[in-house]
Structure formats: structure tokens, C-alpha cells
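Chains as they are written, first to last, in our numbering: chain V, 1 to 352; chain W, 1 to 367.
These notes concern the structure reproduced below.
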Amino acid sequence: MDKGLKKFSGSQLVVPLFALFLLIVFNLIRDVGFFSINIITNNDGNTVLSGNIISIINGASELAILAIGMTLVTSATKGQDISVGAAAAIAGSVFVSVLRGTQITLPIILGAFLACCIVAIIFGSFNGTLVAAFKIQPMIATLILFSAGRSIAYWINGGATPTVSSPLLVAIGGFIPGFPIPTPIIIMIMFVVLIWLVLKFTNLGLFTQVVGINEKSARLNGINTAWTKLLSFIILGVCVAISGVINVCRIGLINHETILIDIEMDAILAVAIGGNSLGGGKFNLTGSVIGAFIIQALTVTLYAMKVPSTAVKAYKAIVIIAIVIISSPIVKEYALQLRDKLLKKPTKIMEN
Amino acid sequence: MISNRGLFAGIPGKKHREPISNTALLLRITICTFICMYAFAMLVWGGGFLNPQQFLDIFNNNAFLIVICCGLTLVMITAGIDISGGGVTALVTMTCVVYLDDHGGSLIGSIALALGIGLAFGLIQGVLIAYLDIQPFIVTLAGMFFAKGMVTIVSAVPRTAAQETFVALKQIFIEIPGVGYYGKTGNFIHAKIEPGVIVALAIVLIIAVVLKWTRFGRNLYAIGGHTHSALMLGINVNRTKFYAYLLSGLFSGIGGYVYLLHTGAGDAANATQAEIQAIASAIIGGTLLTGGVGSIIGTLFGMMILKTITSIVVTSGLREPYWQSITTGLMLCFFILLQSVVLTIREKGGFKQALPEWMKLKGKISI
Chain V
1 MDKGLKKFSG SQLVVPLFAL FLLIVFNLIR DVGFFSINII TNNDGNTVLS
51 GNIISIINGA SELAILAIGM TLVTSATKGQ DISVGAAAAI AGSVFVSVLR
101 GTQITLPIIL GAFLACCIVA IIFGSFNGTL VAAFKIQPMI ATLILFSAGR
151 SIAYWINGGA TPTVSSPLLV AIGGFIPGFP IPTPIIIMIM FVVLIWLVLK
201 FTNLGLFTQV VGINEKSARL NGINTAWTKL LSFIILGVCV AISGVINVCR
251 IGLINHETIL IDIEMDAILA VAIGGNSLGG GKFNLTGSVI GAFIIQALTV
301 TLYAMKVPST AVKAYKAIVI IAIVIISSPI VKEYALQLRD KLLKKPTKIM
351 EN
Chain W
1 MISNRGLFAG IPGKKHREPI SNTALLLRIT ICTFICMYAF AMLVWGGGFL
51 NPQQFLDIFN NNAFLIVICC GLTLVMITAG IDISGGGVTA LVTMTCVVYL
101 DDHGGSLIGS IALALGIGLA FGLIQGVLIA YLDIQPFIVT LAGMFFAKGM
151 VTIVSAVPRT AAQETFVALK QIFIEIPGVG YYGKTGNFIH AKIEPGVIVA
201 LAIVLIIAVV LKWTRFGRNL YAIGGHTHSA LMLGINVNRT KFYAYLLSGL
251 FSGIGGYVYL LHTGAGDAAN ATQAEIQAIA SAIIGGTLLT GGVGSIIGTL
301 FGMMILKTIT SIVVTSGLRE PYWQSITTGL MLCFFILLQS VVLTIREKGG
351 FKQALPEWMK LKGKISI
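As C-alpha cells, then:
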């Protein structure tokens with residue numbers, strides 16, 4: 001029991017879980033019914049689950065998917081991709097421009113999704129090539145797409161913000177008729193399980209971490225480091241396509257200026273809050289997903305406290321700083337020393 | 001190589017040439033590109049580009065950006081990054097306007113307030129990054145979020161400063177004697193610059209001197225080049241990093257006041273994307289994010305390249321807004337690839353071999 005406690009308190013998940021716990025307790029004190037889940041009938045006549053906890057998980061779907069891709073990129077390349085928001089705008093624009101003007105059926109949606117996946121993978125490979133082959137810092141390499149991406153999205157749809165509406169798209173962005181859980185949550189869970197299976201049954205996770213920890217020794221051991229880095233960007237491209245499509249379906253239109261704005265910052269934060277080093281190497285996907293939930297829970301809490309949407313950033317910043325201070329190695333070491341002292345003292349008293 | 005140097009050191013006529021450093025090489029590439037680009041623009045489009053006022057307007061409109069770039073370059077040389085500049089600029093403009101108009105503040109008070117806000121950001125970010133060893137990106141990202149959120153808490157609507165002394169200061173222009181252009185009626189109009197430009201250029205000069213000739217400046221390069229070696233050499237790494245972030249914060253504060261002097265308005269949308277433009281300027285100017293390489297003059301020219309490209313795009317008829325960001329992206333892509341290729345060839349030691357025969361230096365000592 002004691003050993004288990006020690007192992008847990010040394011793990012990287014302890015700070016994010018503690019932060020999430022604090023947020024939940026804070027919300028329960030503020031409003032006991034905050035996390036109650038109701039069953040209501042929505043506008044389309046479906047019986048669905050509703051409540052803050054559902055809206056937190058639902059709203060965090062895109063962020064969690066992006067955070068997973070970002071974790072892999074961070075681990076392999078020791079840097080972050082700051083162009084995910086812009087790339088998602090491009091992916092969403094491609095999705096809408098394929099759907100526009102045609103009868104929306106399931107095969108066409110799948111085709112549009114495939115097209116936007118391919119486009120996102122091409123842009124991901126562009127970033128990945130700059131990083132892997134030209135050895136450019138990821139943040140600098142992705143700065144190119146960051147500054148040009150939303151303009152490319154604007155150009156794809158000719159400057160318009162077209163809307164698409166179809167019951168099928170509502171089913172992807174909202175609820176499948178007769179099923180009470182929002183579809184984005186299901187997509188997110190499916191994606192997490194898929195990535196978990198891939199990491200469990202292939203060497204992807206191992207290779208990624210090895211490349212991030214020591215690139216030279218990885219190459220000497222016969223790992224194709226450039227391909228590993230490129231692959232992490234390609235996976236992030238798929239994540240970008242999925243979250244772009246979810247967001248388009250959720251809102252029903254594409255606005256190149258506002259779709260998933262500032263999501264890159266949130267995704268990097270989710271990785272960092274989850275206890276992963278932004279300097280690459282070892283990673284923990286669970287941490288990143290929890291990080292995404294923390295960010296969304298924080299946002300929903302602040303909205304519930306009637307904080308104006310423009311001022312949310314300031315409070316978010318304070319919480320982020322608090323979390324990174326707690327999880328910084330120096331503070332952590334001090335805390336571990338304190339824990340050892342506290343754990344030892346009672347035994348000594350008993351001996352006496 | 002070292003033995004060669006010793007061998008030939010005493011022989012007259014065999015003067016040893018120091019190989020050009022990465023910083024100097026990238027700086028030369030940037031300056032040459034800027035001169036070529038501006039000369040090309042003058043030849044092709046003439047008109048506005050021949051007008052000295054348009055050249056000076058690059059400085060007038062972007063004095064705040066130059067100041068922010070100075071702080072960012074210092075931080076980037078230590079292999080860090082500071083993306084809070086734009087947010088702090090917006091916060092300073094808004095706070096100063098509210099202070100001047102609603103609280104009957106004085107001019108000196110508002111300057112002190114701007115410097116205070118900048119220093120406070122620099123102090124907190126510096127302590128967190130240097131002494132608690134937290135990643136600079138996360139800390140300054142939080143700084144940016146905090147500043148941008150605070151702007152709307154200070155005042156939800158954009159404001160314009162109306163205090164008399166401030167408005168009087170804002171309207172001061174410095175005319176440059178002998179430089180100017182002929183107006184439509186044929187009268188000679190002197191070219192003007194704003195006081196903010198003088199402040200910005202003074203800071204650039206000071207930082208250039210500091211980086212080149214002071215212990216602090218050389219320590220910054222040492223830390224960026226290799227932190228562990230710097231530590232072994234007895235450099236106080238933490239303190240030097242702390243001062244770099246403190247200065248960066250202070251410059252953001254000054255940049256905010258310079259911005260306020262230029263526009264006279266406080267707005268949450270002020271200086272949006274200034275941090276990205278500053279990072280782009282520094283990269284085009286030859287500062288590497290890996291640290292240890294970079295110069296402030298290069299950053300200044302990087303900023304000028306970025307702004308010249310924008311005005312070339314507008315002049316050449318591509319008025320739609322998205323062309324500007326696409327060309328900025330292409331420009332960045334070009335410079336990043338250029339730097340990467342140049343540095344990779346140099347690292348392999350094949351730079352001399354890669355040059356064509358006529359460019360090789362004659363009589364140079366070979367290994």
C-alpha cells in the first residue's frame with residue numbers, strides 16, 4: 001500500500017489528476033448540481049444526455065484528438081506544431097468545398113473526409129519534411145503554415161463562409177438519432193482506443209520515444225529517425241483532419257478566421273499539463289487527454305461563473321501557471337522531500 | 001588546424017584569416033537580400049519606393065515592433081522564446097489610456113506605468129523560466145493569455161487618449177533636414193520621423209553594443225551555444241537567463257508606450273500577431289531558435305524585409321488580404337530553408353568545396 005502510494009505520487013499523472021480533482025471539488029462547492037446529468041429531448045426530438053459534464057467531454061473532443069497527435073510530435077521532434085489550427089481550417093475548407101453543391105449522402109461524406117485527410121497529410125508532410133530532412137526547429141518550420149494556413153483556407157472557398165446542412169452532418173457533430181451520447185465523444189473514444197492499440201501492438205511508441213531521447217543512438221540502432229519524425233507529423237495530420245471535420249459538422253459552417261482558433265496553444269498546453277516534457281522523449285498519452293479535459297473543464301467553469309468570454313484567457317493563464325509551477329522538476333523534488341519527511345515521522349513516533 | 005595556425009603565425013605575408021562566424025554570415029545574407037529587394041522594388045515600381053517618406057514609414061509604423069524584436073532576440077540567443085510581447089503591448093496601451101483619461105494621470109506617471117507593467121511581466125516570467133526551470137514557451141504563452149485577458153478586464157471597449165500633454169507629445173514629429181519629397185503642388189516636404197523611432201533605434205544600438213562588447217552579451221551567446229559548457233566555465237546561467245527575460249519584458253513595456261505614441265488608442269486588438277512578426281523578423285535576420293547565433297542588426301533588417309515584402313505585394317496589385325500572409329509564409333520558408341542549407345553545408349565542412357572555383361580564396365592555408 002505504502003509502496004503503491006509512493007509510486008503513484010512520483011508518477012507524472014499525479015499533478016494533472018490532482019488539478020482535475022480540485023476543479024471538480026471547486027465546482028461542487030460552488031454549485032452542488034453542477035455535475036448532474038439530465039435526460040432531455042432536444043430540438044430534433046431525440047432523447048439525449050445533457051449536463052455540464054457531458055458538455056465538457058463533448059467540447060474537449062477536438063482538443064483531446066489534437067493533443068494525442070501533438071504528444072507524438074513533441075516526443076519525436078522535441079518541438080511543437082503551432083500550425084494545427086491553420087491546418088484544421090484548411091482541412092475543414094476542403095471538406096466543405098467537396099460537400100458543397102452536391103446531394104449529401106454517406107459515401108460523399110466519406111469521400112470528403114478522405115479528401116480532407118489527404119490534404120491534411122500533405123500539409124503535415126510538408127512540416128514533417130522541413131523538420132526531418134532539413135533539421136529545422138518544429139516551431140519555426142510550422143510558423144510558415146501558421147502564417148499562411150488560414151489564408152489558404154480563405155482562398156479554397158473564395159473568401160466566403162459557406163454553410164452545409166444535412167441530417168447526416170448533424171449526426172456527426174451532434175447526436176445520432178436514438179443514441180443519447182454526443183457523437184464527437186464516441187469518435188474521440190474510438191480514436192483513443194485505436195491509437196492505444198497501435199501503440200500496444202507496434203513499435204511506434206517505442207521508436208518515437210527513442211528518437212526523442214537520443215536521436216544519434218536511435219540512428220546507430222537502425223531506426224530511421226527521419227521517417228519516425230515524418231510519421232509523427234502524418235499522424236498529427238490525420239488528427240487535424242478528424243478534429244476539423246468534427247468542428248465543421250458541429251457548427252454547420254466553415255469560417256476560416258474563427259474555426260478552432262488558438263487551438264494550437266491549447267493543444268500544447270494539454271501536452272504540458274499532462275506532465276509530458278515539451279523537450280521530447282518519454283510521453284504519456286493519458287496525461288495529454290486528461291490535460292485536454294482540464295482545459296475544457298476550466299473554460300466551462302469560467303463561463304458558468306459568468307466570466308466574459310474575452311477575459312477567460314486571463315484566468316486560464318493563472319491556472320496554467322499554477323499547474324506548471326507545481327509540476328516543475330524543482331518544486332516536485334522539494335515536494336517529494338517533504339513527502340518522505342511526512343511519511344517517516346509517524347513511524348518514528350510509533351517506535352518511540 | 002591549430003598546429004597550422006601556430007606554424008604560420010610568425011611567417012610574414014601569410015596572414016591568417018579567421019573563418020566567418022555563423023552570426024556574421026547570416027547577417028550578411030539578410031542585409032544583401034534587403035538591399036537587393038529594395039533596389040529591385042525601386043527599379044520596377046518606382047513611385048512610392050523612391051519616396052524617402054515611404055522608407056521612413058517602415059520605421060514610423062513599426063517602431064514598437066523593433067523594440068519588441070530587441071527583447072525577443074536577446075531571449076532567442078539564449079535558446080529561449082518570448083511570445084508575450086504582443087499581449088503586453090496591448091495591455092500597456094489600454095492601461096495607459098485608462099490611467100491618463102479616467103484617473104487624471106500625468107505623462108511621467110503613464111511612462112512609469114508602462115515600464116512597470118513590462119518589468120512585472122519580465123520579472124515573473126524570468127523567475128519562472130530561469131530559477132524554476134519551466135519551459136519558456138509555456139510561461140510566455142500564459143503571459144500572453146494573461147495580458148490579452150487583462151486588456152478586456154481593464155476596459156471592454158477600445159479607447160482613445162484625450163489628455164492634453166499626451167496628445168501634444170503624440171503630435172511631435174522630427175523633420176530630417178535635406179531629405180524629403182516634392183508634393184503635388186511642387187513644394188518641398190521634409191521627411192518626418194516620430195520620436196518613437198529614435199527610442200527604438202537607440203535601443204537597437206545599445207543592445208548591439210551590449211551583445212558585442214559586454215560580458216553579459218557574450219554570456220548570452222555562450223549559454224545559447226551550449227548551456228552545460230557555459231555552466232562549466234563559471235557563467236551564472238540562471239542569472240543571465242533571468243536578466244534576458246527581464247529585459248525582454250521591459251522592452252515589451254517600452255514597445256507598448258511607443259505603440260501608444262503612434263496610434264494614441266488602447267484596444268484589445270492592438271499589436272495582434274506582433275509576437276509572430278517579431279519571431280519571423282528574428283529568423284529572417286539570422287537568429288536561430290536553437291540559440292547561440294543571432295544579431296540585433298540582423299533582426300532589424302529582418303523586420304524591414306518583412307515589411308518591404310508586404311508593401312511590394314500591395315503595390316504589385318495583389319490587394320486581397322490573404323496574399324500578404326501567403327507571401328510572408330513563402331518568405332519565411334525561403335529564409336528558413338536557406339539558413340538550414342547554408343548551416344548544414346558549413347557543418348559538414350564542405351562549404352569551401354561547394355563554392356565554384358573562382359570564388360575560392362587564393363593562398364589560403366588548407367588543412
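No residue lacks a Cβ here, since even glycine has one placed at the ideal position from N, Cα and C.
Looking at the DSSP output, Glu275(W) shares a beta bridge with no other residue. Residue burial is scored here from C-beta neighbours: Pro167(V) has fewer than 16 other C-beta atoms within 10 angstroms and is therefore classed as exposed.
The residues Ile129, Pro136, Lys241, Ala244, Tyr245, Gly291, in chain order, have a CB closer than 8 Å to that of Gly80(W) in the same chain once the five nearest residues on each side in sequence are set aside. Between Ser248(W) and Leu72(W) a beta carbon distance of about 6 Å is seen, short of the 8 Å cut, so the two are scored as contacting.
With contacts defined by Cβ atoms closer than 8 Å, Ser61(V) and Ile246(V) form a contacting pair. Between Ile138(W) and Val289(V), the C-beta spacing is not below 8 Å. Cβ neighbours of Val179(W) within its own chain (closer than 6 Å, five residues either side excluded): Pro52, Ala191. Here Ala274(W) is buried, its C-beta having at least 16 other C-beta atoms within 10 Å. Remark: fewer than three beta-carbon pairs, one from each stretch, lie closer than 8 Å, so the region 214–221 of chain W and the region 271–285 of chain W are not flagged as touching. For Pro162(V), no CB of chain W lies under 8 Å from its own CB, so it is not counted at the interface with that chain. Within the same chain, and ignoring the five residues on either side of Leu99(V) in sequence, the residues whose Cβ sits closer than 6 Å to its Cβ are Ala112, Val164.
Of all residues in the region 221–255 of chain W, none has a C-beta nearer than 9 Å to a C-beta of chain V. Here Glu333(V) is not near Gly85(V), since their CB atoms are 8 Å or more apart.
Within its own chain, the residues whose Cβ lies closer than 8 Å to the Cβ of Thr41(V), once the five positions on either side in sequence are excluded, are Thr47, Val48, listed in chain order. Ile294(V) is positioned such that its CB atom lies no closer than 8 Å to that of Ile326(V).
DSSP places Lys229(V) in the helix class (H, G or I) of the three-state scheme. The DSSP-derived three-state label of Glu347(W) is helix.
When DSSP reads this structure, His190(W) sits in a beta bridge with Gly180(W). With respect to chain W, the C-beta atom of Lys78(V) has no partner C-beta closer than 8 Å.
In the displayed model, Arg30(V) falls within a helix according to three-state DSSP. Your pair Val198(V) and Leu206(V) does not check out as a contact, with CB atoms roughly 12 Å apart and the cut at 8 Å. For Val293(W), same chain residues with a beta-carbon under 6 Å away, outside a window of 5 residues either side, are Asn22, Thr23 in chain order. Identification of chain V residues near Gly149(W) by a Cβ-Cβ cut-off of 8 Å yields Thr310, Ala311, Val312, Lys313, Ala314, Tyr315, Lys316, Ala317, ordered along the chain. Segment contact: the region 256–272 of chain W against the region 87–102 of chain W, three or more CB-CB distances shorter than 8 Å; contact assigned. Per DSSP, Thr163(V) is not a residue of any beta strand (DSSP E), being assigned neither H nor E. Contact between the region 108–123 of chain W and the region 304–311 of chain W is absent, with fewer than three C-beta pairs closer than 8 Å. Taking C-beta atoms as the reference points, Asn58(V) and Pro182(V) count as a pair closer than 8 Å. Nearest neighbour of Thr74(V) by Cα position, chosen from Leu236(V), Gly33(V), Gln337(V), Ser11(V), turns out to be Leu236(V). Of the candidates Ser232(V), Leu342(V), Val240(V), Leu260(V), Ser232(V) places its Cα closest to the Cα of Thr71(V).
Look at Glu175(W) here: in three-state DSSP terms it is strand. Distances from the CA of Glu194(W) to each of Ser229(W), Phe166(W), Leu141(W), Val258(W) were compared; the closest alpha carbon is that of Val258(W).
Contact annotation: in the region 318–332 of chain V, residues whose CB is within less than 8 Å of a CB in chain W are Ile318, Ile320, Ile321, Val324, Ile325, Ser328, Pro329, Ile330, Val331. For the 8 Å CB-CB criterion, Asp81(V) and Thr161(V) do not form a contact.
Distances from the alpha-carbon of Asn157(V) to those of Met305(V), Ala314(V), His256(V) put His256(V) closest. The alpha carbon of Pro158(W) has as its nearest neighbour, out of Tyr182(W), Met94(W), Ile134(W), the alpha carbon of Met94(W).
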